[in-house]
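Heads up, the sequence shown is in the working numbering, so the first residue is 318 and it goes up one at a time. Working notes for the structure below.
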Amino acid sequence: MTETASTTALIPRIHLFELLDQDWYPRTLRELGTDYLYTVSEKTGAYDAATDILARGLRASETPELLDLGSGGTGPLPRLCRLLKSKHGLEPHVVLSDLYPTVQGAQRAREHGVDYLERPVDATRVPPDLRGMRTLFSAMHHLRPEQVRQVLADAQERNVPFAAFEVMRRTPAGVLGMLPVPLMVWLFTPFIRPLTPLRLLLTYVVPVAPLASLWDGLVSALRAHRPEELRAMTASLAREGYTWEVGELRKPGRPTVTYVLGLPDRTTR
Numbered sequence: 318m319t320e321t322a323s324t325t326a327l328i329p330r331i332h333l334f335e336l337l338d339q340d341w342y343p344r345t346l347r348e349l350g351t352d353y354l355y356t357v358s359e360k361t362g363a364y365d366a367a368t369d370i371l372a373r374g375l376r377a378s379e380t381p382e383l384l385d386l387g388s389g390g391t392g393p394l395p396r397l398c399r400l401l402k403s404k405h406g407l408e409p410h411v412v413l414s415d416l417y418p419t420v421q422g423a424q425r426a427r428e429h430g431v432d433y434l435e436r437p438v439d440a441t442r443v444p445p446d447l448r449g450m451r452t453l454f455s456a457m458h459h460l461r462p463e464q465v466r467q468v469l470a471d472a473q474e475r476n477v478p479f480a481a482f483e484v485m486r487r488t489p490a491g492v493l494g495m496l497p498v499p500l501m502v503w504l505f506t507p508f509i510r511p512l513t514p515l516r517l518l519l520t521y522v523v524p525v526a527p528l529a530s531l532w533d534g535l536v537s538a539l540r541a542h543r544p545e546e547l548r549a550m551t552a553s554l555a556r557e558g559y560t561w562e563v564g565e566l567r568k569p570g571r572p573t574v575t576y577v578l579g580l581p582d583r584t585t586r
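Structure representation (C-alpha cells):
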C-alpha cells in the first residue's frame, strides 16, 4: 500500500510531520498538546462509543491486563474504565505507555488508579514483557501504512486481542473540522490541570498552543487511514484462529469513531 493509499479516496493520504511526533519538540510544549487532548477526551466523551468494543476484546483475553500504546497525556482510558465497570462489570488492569512519556501523563494516570510506564515504548516494537490486550486511541494516524500493518501483525502473532480507535477522518469535512481547533484550545484550557501561568501565557498571550494544535490537527486528518484501507490491511493478514473487524461507531452528539478489532479464537489456544 502506498502513501496515497486508496485511489478512490477524495483526499490522498499525506504523511506530513506532526509536532508531537518529533523527538526535538520541547517537553513543555509537548505537555501543552497532550494535556489538551486528554481534557477534550475526558470532558466530551469522544470515545465513549468504544466501550462495547473494548469489552469484547477484554473477554477474549487470557489476562485482565490492558496495554495502551501511544497514550500521550493519558488519553480516554480512565473514563472508559469507569464505563467498563458500570456497563460490563469489567475492571482491567490498565498500563499506559508512550514513545514520549510525559510527567503530567504519569501523574494523572496515578490519580486515576492506572499505571503509566515512564520508559519509552514503541508501538511498532512492543517489548515481550508487556502482556494483555493492546489498544491505541488516536494513534494509528501517526503510523505509515506499513507500520500499521506491522502493529496489527505483531498483535496477531502474539495472539492477543487488539483494538484501535480514531476520530480523525480523511474527508473534506474531517479536514475542515480541524479549523476551529484554536477556539477549542482557548475554551478547554481553563479545565486543564495544572493550570500554570506558563500555560496561560502560551495559550492566550502568545498563541503557541492553539497554533501547534491546529497544525497537528490538520496533519492528523490528512494522515488518517480510511476504513477501506484498514480493511485491506487486515484482509492481507487473515489466518485461521484470529479474526479482524473494521467498522465505524456512531453515538448521538459525538464524533464518528473508526475502529479496528482483532480477536483470537479461544478454541485455537
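Each residue gets a CB set at the ideal place from its N, CA and C atoms; glycine is no exception. Quick caveat: nothing in here was measured; it's all calculated off a predicted structure.
Q) Would the segment 547 to 554 and the segment 336 to 355 be scored as touching if the rule is three or more Cβ pairs under 8 Å? A) no
Q. Whose C-beta lies closer than 8 Å to the C-beta of I328 among residues of the same chain, with five residues either side of it excluded?
A. R487, T488, P489, V492 and L539
**Q.** C-beta neighbour in chain C for L333, strict 8 Å
**A.** No chain C appears in this structure, which consists of one protein chain only.
(Q) The alpha helix (DSSP H) that contains A481, what's its start and end? (A) Note, A481: premise wrong, no alpha helix (DSSP H); beta strand (DSSP E) at F479 to E483.
Q) Between which two residues does the beta strand (DSSP E) containing Y576 stretch? A) V574 to P581
Q: Please confirm if the segment 359 to 367 is in contact with the segment 413 to 430, defined as three or more CB-CB distances below 8 Å between the two stretches.
A: no
Q.
Would Y576 and I370 be called neighbours here (beta carbons separated by less than 8 Å)?
A. yes
(Q) If you reduce the DSSP assignment to three classes, tell me which class M457 lands in. (A) helix
Q | Residues near R399 by beta carbon distance below 7 Å, same chain, minus five either side | A | none
Q.
Which of the three DSSP states is assigned to E562 in this structure?
A. strand
Q: Indicate whether R454 and F482 have their beta-carbon atoms separated by less than 8 Å.
A: It should be pointed out that residue 454 corresponds to Phe in this sequence rather than to Arg. A contact, by the Cβ cut-off of 8 Å.
Q | P445 versus V484 - alpha carbon distance | A | 29 Å
Q. For D365, does the three-state DSSP call read helix, strand or coil?
A. helix
Q: With E545 as the anchor, note down where its alpha helix (DSSP H) starts and where it stops.
A: P544 to S553
Q: Please list, in chain order, all residues of the same chain as V465 whose beta carbon is under 8 Å from its beta carbon, the five residues on each side excluded.
A: M457, H542, L547 and M550
Q: Between the Cα of V411 and those of T452, V563, T573 and K568, spot the shortest distance and give me the residue it belongs to.
A: T452
Q.
On a Cα-Cα basis, can you pick out the residue from V443, R448 and P418 that is closest to R436?
A. P418
Q.
Here's the rule I'm using: 16 or more other beta-carbon atoms within 10 Å means buried, otherwise exposed. How should L535 be labelled?
A. buried
**Q.** For Y521, the three-state DSSP class (helix, strand or coil)
**A.** helix
(Q) Taking the alpha carbon of T368 as the reference point, which residue from L394, S537, G564 and E335 has its own alpha carbon closest? (A) L394
Q) I509: which of E379, T356, Q339 and G389 sits nearest, CA to CA? A) T356
Q: Please state if the CB of P581 and the CB of G558 are separated by a distance shorter than 8 Å.
A: yes
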